[in-house]
Amino acid sequence: MQILESGEVHDVIVIGSGASGGMAAYNLTQKGVKVLMLDAGGKFERTKFWTHAVPFEADERLRHGEKPPPFFLDKTEQPYLTPEGKPFNLMRVWGIGGKTNVWGRVSLRMSDLDFGAAERDGWGIPWPIRYADIAPYYDKVEQFIGVCGGDDNSDVLPGSKYYMPVPPPRCGEVFIRKSAESLGIPVVPIRRANITRPHRGFPACHYCGNCGAGCDTASCFNSADHLIPFALETGNLEIRSRAVVARILTDDRGRASGVQYFDRDSGAERQVRGRVIVLGASAMDSTRILLNSKSDIFPNGIGNGSDQIGRNFTEQQMVHVRGYLPQLFGSGYQNSDGIGGGHYYIPRFNHRSKQDYLRGFGIQMWNTGSGTTGERVAHDVPGFGADLKAAVKERYPALLSLHPFGEILPRPENRITVDDSRTDRYGVPLMKVSVSFGDNETKMRRHMYDTAEEILEKAGAEVVPFDRDACDDPGSAIHEHSTCRMGVDPKQSALNAFNRMHEVENLFVVDGSAFTNASEKNPTLTILALSWRASDYIAEEMRTGNI
Ligand SMILES: Cc1cc2nc3c(=O)[nH]c(=O)nc-3n(C[C@H](O)[C@H](O)[C@H](O)COP(=O)(O)OP(=O)(O)OC[C@H]3O[C@@H](n4cnc5c(N)ncnc54)[C@H](O)[C@@H]3O)c2cc1C
Ligand code: SF4
């Protein structure tokens with residue numbers, strides 16, 4: 020049964036409450052715009068987070084039938100299709116705050132090396148913006164969400180004067196830094212959205228290091244804590260939870276007129292009307308919604324006259340190399356407290372010399388130093404019983420771990436489509452994801468492995484044998500982009516420089532699908548900055564009556 024709401028036309032309908040939708044709703048409501056937010060999930064209850072459940076306790080609790088909050092969407096509830104032999108690892112969080120409930124918080128500014136990549140190497144299309152366009156928004160976002168970082172600043176990784184103090188390096192990171200720097204590879208303090216001093220009423224991080232389980236003191240940025248409550252406080256935000264959006268509706272002029280969604284509990288179909296629609300359901304789900312929004316005017320999906328929507332998927336490939344430092348065998352706990360993930364980072368450096376591939380990679384170092392992992396060590400040590408326990412204990416403080424992230428080039432054939440013959444529980448066509456890595460990625464991967472191995476060996480570590488052809492499945496970086504990309508040319512892109520659809524003037528897409536290319540950097544800081552910028556633009560266009 021279809022239920023069309025009373026004639027009410029909402030000022031703005033925002034779809035999704037994660038980084039992108041949360042920021043748009045926050046900014047618009049601060050400016051007095053009335054927003055209806057539709058989100059496929061509900062709020063995860065903070066009191067139920069397992070932030071401080073140590074591994075043995077977590078095992079015990081699981082055995083007793085307890086469960087941590089089900090952050091990740093069950094793939095059987097919302098399946099997606101992949102072609103034979105092309106796996107894709109899609110991680111979705113359907114709930115208030117989206118993936119920011121559990122994200123890694125690495126917050127890196129993109130630079131003109133990224134925004135100008137296509138002009139420099141001729142691959143893909145140019146971004147319609149440059150660093151100067153987004154820098155003021157990076158400033159605003161960092162001051163608002165709280166990011167810790169150092170005082171480094173480079174053409175690869177622009178710095179900021181707004182960082183909070185960054186925690187000192189862990190023991191293993193000191194060794195990695197020394198080794199990398201002796202090879203001419205700079206190492207800088209990480210930039211993470213952990214608040215290391217009290218900020219906007221939230222307490223400082225207490226360095227328990229388990230942010231991936233959800234922070235029980237909200238001491239790292241999560242849209243559910245840091246954006247949505249403040250938007251609600253204005254009185255301008257209405258949230259409909261467990262509203263699974265299927266399609267954007269259009270009027271006979273080709274403008275977006277509303278949204279069709281399904282109640283996740285009853286399955287009932289509903290429709291709501293809006294003057295402006297802002298889509299922030301994360302790259303993959305937004306793309307599915309756009310492609311499913313077919314009409315006489317838009318037979319290939321709304322705003323898809325260029326056939327660009329769904330194409331040119333980009334992200335990063337990830338590999339992992341680890342080793343053990345004999346100097347640290349049996350040394351007991353070191354200064355292992357800190358924020359979840361590494362305290363140091365190796366920014367892209369490969370462009371400083373000639374390579375046989377395009378674009379670049381940066382290296383993260385989570386799981387380095389005692390206290391940051393445990394189970395991995397047991398997998399690396401042979402044996403069983405008391406001897407195994409002793410060996411694990413000896414090596415536990417000595418683990419060094421490097422995780423290079425390398426940019427995937429945009430290619431039209433790496434794409435999302437929808438399959439009309441396969442539908443979900445609401446009868447909505449499923450998405451099909453077809454992504455594979457190419458020759459450029461293979462060449463870059465060799466350099467990623469060589470570099471990580473060289474740094475560990477130079478540090479004196481015993482490198483754990485690894486398969487040089489191995490790579491995490493596409494999707495594993497959880498940084499999906501470019502399937503509704505920005506650009507100057509409407510034939511090659513779907514959005515303009517303010518995230519507005521070229522073909523639909525009152526429809527904006529503010530998540531990672533808007534990126535023209537990925538870069539090697541984690542995207543959320545840029546998503547937040549672009550969404551803030553786009554929503555400033557929307558509010559102004561609405562004020563002046565242009566939309
Ligand atoms: C484990 C992990 C580690 C990560 N680490 C980092 C990191 O260190 N740095 C970094 O920059 N990024 C990281 N990310 C990625 C980061 O979380 C995302 O880039 C960011 O959350 C994207 O914001 P978004 O608004 O596009 O999507 P999301 O945050 O996923 O929000 C999407 C929202 O849309 C809703 N939604 C989805 N489909 C529908 C629908 N059909 N109808 C209605 N609502 C819908 C969801 O409920 C959700 O609220 C990580 C992610 C994960 C999971
Ligand atoms: S390390 Fe800090 S931000 Fe992370 S869960 Fe612990 S208190 Fe929260």
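Residues in the sequence shown are numbered from 20 upward in steps of one, following our numbering. Every residue, glycine too, gets a C-beta built ideally from N, C-alpha and C.
Per-residue DSSP class, three states only, for Pro-423: strand
Beta-carbon proximity of Asn-433 to Leu-377, cut-off 7 Å: For Asn-433 and Leu-377, no; Cβs fall outside 7 Å.
Residue closest to Ser-420, alpha-carbon to alpha-carbon, out of Arg-444, Arg-210 and Glu-192: Glu-192
Ala-478 versus Ile-195: straight-line alpha-carbon distance, rounded: 6 Å
Cα-Cα separation between Val-411 and Gly-277, rounded to whole angstroms: 58 Å
Neighbour flag for Arg-330 against chain D, beta carbons, 7 Å: Absent here is chain D; the protein component of the structure consists of one chain.
Buried or exposed (CB count within 10 angstroms, at least 16 for buried), Met-129: buried
Inter-residue CB distance, Ala-302 and Ile-308 (contact presumed, cutoff 8 Å): Going by Cβ atoms, the distance from Ala-302 to Ile-308 rounds to 11 Å, so no, they are not a contact pair.
Contact test: Thr-119 Cβ vs ligand 1 heavy atom, cutoff 6 Å: yes
DSSP-derived helix/strand/coil call for Ile-209: coil
Same chain, Cβ closer than 7 Å to Leu-127, neighbours up to 5 away in sequence not counted: Leu-176, Arg-210, Lys-540, Asn-541 and Leu-544
Same chain only: Cβ atoms within 7 Å of Asp-282, ignoring 5 sequence neighbours per side: Arg-261, Ala-262 and Arg-289
Host beta strand (DSSP E) of Pro-449 (start-end): The amino acid at residue 449 is misidentified as Pro; the sequence shows Leu. First-last of the beta strand (DSSP E) with Leu-449: 448–453.
Where Leu-268 falls: helix, strand or coil (DSSP): Leu-268 falls in the strand class under three-state DSSP.
Contained beta strand (DSSP E) runs [length at least 3] in the stretch 47–79, N- to C-terminal order: 54–57
Assigned secondary structure, Val-249 (DSSP; H/G/I helix, E/B strand, else coil): The sequence given here has Phe at residue 249, not Val. Here Phe-249 sits in helix by DSSP.
Range covered by the alpha helix (DSSP H) that runs through Met-467: 458–478
Separation of Ser-173 from Glu-560, as counted between CA atoms: Inter-residue distance for Glu-560 and Ser-173 is about 35 Å (C-alpha atoms, whole angstroms).
Range of the contiguous alpha helix (DSSP H) that encloses Ser-198: 190–201
Residue range of the unbroken beta strand (DSSP E) whose run includes Leu-298: 288–298
Per-residue burial, Gln-374 [other beta carbons within 10 Å of its own, 16 or more giving buried]: exposed
Three-state secondary structure (DSSP) of Phe-380: strand
Rounded separation between Pro-208 and Arg-294 - CA only: Whole-angstrom Cα-Cα distance: 44 Å.
Proximity of Ile-34 and Leu-55 at Cβ, strictly below 7 Å: Against a cut-off of 7 Å, the Cβ pair of Leu-55 and Ile-34 comes out as no contact.
Per-residue DSSP class, three states only, for Cys-503: coil
Meets three-Cβ-pair contact criterion under 8 Å: the stretch 513–530 and the stretch 268–275: yes
Any non-hydrogen atom of ligand 1 within 6 Å of Trp-69 CB: no
Range of the contiguous beta strand (DSSP E) that encloses Ile-258: 256–259
Element boundaries [alpha helix (DSSP H), containing Phe-527]: No alpha helix (DSSP H) contains Phe-527, which is instead part of the beta strand (DSSP E) from 526–528.
Heavy atom of ligand 1 within 6 Å of Pro-542 beta-carbon: At a cut-off of 6 Å, the beta-carbon of Pro-542 counts as near ligand 1: some heavy atom of the ligand is closer than that.
Simplified DSSP assignment, three categories, for Gln-279: strand
Closer than 6 Å: residues whose CB approaches a heavy atom of ligand 2: Thr-70, Asn-213, Cys-224, His-225, Tyr-226, Cys-227, Gly-228, Asn-229, Cys-230, Cys-234, Thr-236, Ser-238, Cys-239, Ile-358 and Gly-359
Enclosing alpha helix (DSSP H) for Ser-554 [first to last residue]: 543–562
Selection from Asn-515, Phe-485 and Asn-518 that minimises the alpha carbon distance to Asp-399: Phe-485
Contact test: Leu-309 Cβ vs ligand 1 heavy atom, cutoff 6 Å: no
Alpha-carbon spacing of Pro-106 relative to Met-450, whole angstroms: 14 Å
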